[in-house]
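Converting from the sequence shown to the working numbering requires adding 34 to each position, the first position being numbered 1.
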Amino acid sequence: MIKSTVSELIKEDVELKTGTYLLVRGPAYIKLKCGKADIFGAVMEEGRSLTVVSGRQVPIRPVEDSLLELRVGSRDSIQFINEDPVPRSWDEAVNMLMSTKRFISVVLGDVDVGKSSFILYLANRLVSERYKIGIIDCDIGQSDIGPPGTIGLSILDNPIYSYSDAELFNAYFIGDKTPTGHLLPIVLGSRKMLEEAFDAGVDGVLVNTTGFIYGGVARALKLYKIEVLKPTHIFGLQYRHELEPLIRFLGIRDIVRFVDVSKYISRKGLGARKIFRRLKMGEYFRDIKILTFDLNKVRVENTILPAMIKVKYIDDLVYNLISKKVDGVYLDRDSIYILFKDALDKSRLIKLISKFKEEFKEVKIISLNKIRGLYLGLYNDSKFAGVGVLENIDIRKRKITIKASINPGMKINRILFGYLILDDDYNEVSRLSPGYI
35 MIKSTVSELI
45 KEDVELKTGT
55 YLLVRGPAYI
65 KLKCGKADIF
75 GAVMEEGRSL
85 TVVSGRQVPI
95 RPVEDSLLEL
105 RVGSRDSIQF
115 INEDPVPRSW
125 DEAVNMLMST
135 KRFISVVLGD
145 VDVGKSSFIL
155 YLANRLVSER
165 YKIGIIDCDI
175 GQSDIGPPGT
185 IGLSILDNPI
195 YSYSDAELFN
205 AYFIGDKTPT
215 GHLLPIVLGS
225 RKMLEEAFDA
235 GVDGVLVNTT
245 GFIYGGVARA
255 LKLYKIEVLK
265 PTHIFGLQYR
275 HELEPLIRFL
285 GIRDIVRFVD
295 VSKYISRKGL
305 GARKIFRRLK
315 MGEYFRDIKI
325 LTFDLNKVRV
335 ENTILPAMIK
345 VKYIDDLVYN
355 LISKKVDGVY
365 LDRDSIYILF
375 KDALDKSRLI
385 KLISKFKEEF
395 KEVKIISLNK
405 IRGLYLGLYN
415 DSKFAGVGVL
425 ENIDIRKRKI
435 TIKASINPGM
445 KINRILFGYL
455 ILDDDYNEVS
465 RLSPGYI
């Protein structure tokens, strides 16, 4: 079981002398009782505190002798080291960016190389020098900014200790935890967030990318993302030479500047990644409300369901064939999509597909029960308003019912379908293939 509240954690006061550094692994609570310390380039003053979520690690670098109050899951979560956990090359990267007006910096690297930590350090150092910085988080599977499955944008005027302190400016909803099948939306969303950042008056933008660096799909994603973002700087983090094939393919060897991976990066397994997504999901599913919308008054996107209609001869044919009522039909030249409330048993499914295969090349049977719990993105025009899950959609009555937590005062006029299916506790239970609905 994960200790998740401060009262459940082990309390310990720790003295930290200059020249000694501390790593604290979450879940943890840190309060500076006296002294001054640096966390990812942000100076922590006396009395300030932060929370470290499970699966994340924070390096504390004392600016002067300090006393810390720590609350940790176990004493193994605290590690003293004598070497600065922030590589010198990170400061060199800061100086490079400060010499460029309106910079766009893209950071490449495999999973668990510290891309997020590096970007947070760059951002804090730059805003400390009075820069206004935009951070675009394209890592949809491990979103630090915004809910999982989104490309999040935050704009910083002041240093922050962790991404949980970064206010979400806007987000582009993808609705999945993997880029596969979503290359165009990810590239488009990255560009839209970049334009919004500069429209908001930032001096530069830092772009975090996924650790998706192997294979043809990964190469295509990185190629077109770089083409549309047109970065002034590309930084690479690698343990050995894992980025080399990608860089040769992209033809950017003369542009990429490699920075060192911190020796003290905390590697996360698949289990920790799933827990982190669950915790992030939980942040966006508080104060849940049941909301019903008229399909004639809101746009429901990334699905054919609102375009379904009643087709009497198909309704009659299906009922005569398998004694089931059709909830909606979508027709194009070679395909037919038929929606039912409940899943069909195997014999009915075979009978139905066989019949319609006489007329259509593709026959797709959709069960509403299979998509209940579908992850949704909610918008007011182009402004992200929150996330939700699908409760019901009634094609005949033109109604859609969702569970959602939305920003106060935000009117919803767009609902985007995603691909993850969540249970009542917002855990991932399954995933729809792109094109299913």
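Beta carbons: idealized from backbone N, C-alpha and C, even for Gly. Note that the coordinates shown come from a computational prediction; the quantities given were computed from them, not determined experimentally.
| Query | Result |
| --- | --- |
| Complete alpha helix (DSSP H) runs within the segment 271-305 (minimum length 4 residues, chain order) | 278-284 |
| 8 angstroms contact criterion, which residue 478 and residue 179 should meet: CB distance rounded | This structure cannot settle anything about residue 478, because the visible part of the chain is limited to 35 through 471. |
| Where residue 230 sits in the DSSP three-state scheme | helix |
| Residue 261, buried or exposed, once every other Cβ within 10 Å from all chains shown has been counted against 16 | exposed |
| Strand pairing of residue 113, partner residues [DSSP] | 57 |
| Status (buried if at least 16 other CB within 10 Å, exposed otherwise) for residue 114 | exposed |
| Burial state of residue 214, where buried means 16 or more other Cβ atoms lie within 10 Å | exposed |
| CB contact flag (residue 208, residue 153, <8 angstroms) | no |
| Rounded Cβ spacing between residue 386 and residue 355 (contact assumed at less than 8 angstroms) | 6 angstroms |
| Counted within 10 angstroms of its Cβ, other Cβ atoms place residue 279 as buried (16 or more) or exposed | exposed |
| Residue burial classification, residue 89 (beta-carbon count within 10 angstroms, cutoff 16) | buried |
| Residue 225 burial status per 10 Å Cβ neighbour count (16 or more: buried) | buried |
| Residue(s) in a DSSP beta bridge with residue 342 | Residue 342 is not bridged to any residue. |
| Residue 438, buried or exposed, once every other Cβ within 10 Å from all chains shown has been counted against 16 | buried |
| Through-space distance from residue 117 to residue 55, alpha-carbon basis | 7 angstroms |
| Straight-line Cα distance separating residue 239 from residue 131 | 10 angstroms |
| Residue range of the unbroken alpha helix (DSSP H) whose run includes residue 126 | 122-132 |
| For residue 384 and residue 463, the rounded distance between their alpha carbons | 26 angstroms |
| Burial state of residue 138 (16 or more Cβ within 10 Å) | buried |
| Residue ranges of each alpha helix (DSSP H) within the segment 199-250, 4 or longer | 217-233 |
| Supposed contact pair residue 159 and residue 237 - C-beta distance, whole angstroms, cut 8 angstroms | At roughly 13 angstroms, the Cβ-Cβ gap does not stay under 8 angstroms, so residue 237 and residue 159 are not in contact. |
| Beta carbon proximity, residue 241 to chain B, threshold 8 angstroms | Protein chains in the displayed structure number just one, and chain B is not present. |
| One or two residues paired with residue 168 in a DSSP bridge | 189 and 239 |
| Those residues which DSSP pairs with residue 454 across a bridge | 465 |
| Collapsed DSSP secondary structure at residue 538 in the structure displayed | This structure does not reach residue 538, given that the chain is present from 35 up to 471, and the question cannot be answered. |
| Residue(s) in a DSSP beta bridge with residue 439 | 421 |
| Beta-carbon spacing of residue 399, residue 365 below 8 angstroms | no |
| DSSP-derived helix/strand/coil call for residue 482 | Past the edges of the chain, shown from 35 to 471, lies residue 482, and the structure says nothing about it. |
| Inter-residue spacing [alpha-carbon to alpha-carbon] between residue 391 and residue 397 | 7 angstroms |
| Euclidean distance between Cα positions of residue 61 and residue 102 | 16 angstroms |
| Sub-8 angstroms separation of residue 63 and residue 120 beta-carbons | no |
| Separation of residue 100 from residue 37, as counted between CA atoms | The predicted position of residue 37 is uncertain, since its pLDDT is 43 and thus under 50; no value can be drawn from it. |
| Outcome for residue 454 when other beta-carbon atoms lying within 10 angstroms are tallied against a minimum of 16 | buried |
| Burial state of residue 242 (16 or more Cβ within 10 Å) | buried |
| Enclosing alpha helix (DSSP H) for residue 333 [first to last residue] | Not the alpha helix (DSSP H): residue 333 falls in the beta strand (DSSP E), residues 333-335. |
| Span of the alpha helix (DSSP H), counted from its first residue to its last, around residue 381 | 380-390 |
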